[in-house]
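Step one of this worksheet: look at the structure below.
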Ligand code: AMP
Ligand code: ZN
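In our numbering, the protein residues as written are 156 to 278.
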């Protein structure tokens, strides 16, 4: 897509702070982080919204979700368990979809937002 900022990031025409890359996915830090950890996972191939996904996108969506815990741990907000089995750490995952969903960039992206209670103070 010629005028898509995330296609340009995927093609390295626009620079970003990359945290992960493979043949089909790219993850990079959000330019306006909402929490100490905030990165986005995108498919390199353009898809506008989650609502534009169909059967052909199921594997890609699964790979995006599978990547979340690995990258969250690498970025410092993974879920950990103490000796008593208590859970610490964690993150919020979010896909804004369409205008009523608060989507601003129309290239599918999964937010991973981490740090202590990152949802506080947000819409
Ligand atoms: P959304 O409201 O879900 O469409 O969120 C779009 C996100 O993309 C926002 O959190 C922006 O801060 C982020 N964003 C926009 N441009 C860039 C960029 N050039 N590099 C990194 N993140 C960006
Ligand atoms: Zn795009």
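Just so it is clear, CB atoms sit at the ideal spot from N, CA and C, and this is done for glycine as well.
Asked	Found
Ligand 1 heavy atom lying under 8 Å from the CB of residue 185	yes
Proximity to residue 265 [Cα-Cα], best of 169, 239, 168, 217	217
Minimum C-alpha distance to residue 219 - residue among 184, 189, 263	263
Contact the stretch 186-202 vs the stretch 223-234: 3+ CB pairs below 8 Å	yes
Enclosing beta strand (DSSP E) for residue 271 [first to last residue]	No beta strand (DSSP E) contains residue 271, which DSSP labels as neither H nor E.
Reduced DSSP category for residue 149 - H, G, I as helix; E, B as strand; rest coil	The question about residue 149 has no answer, for the chain in this structure spans 156 to 278.
Alpha carbon of residue 184 to alpha carbon of residue 251, nearest angstrom	17 Å
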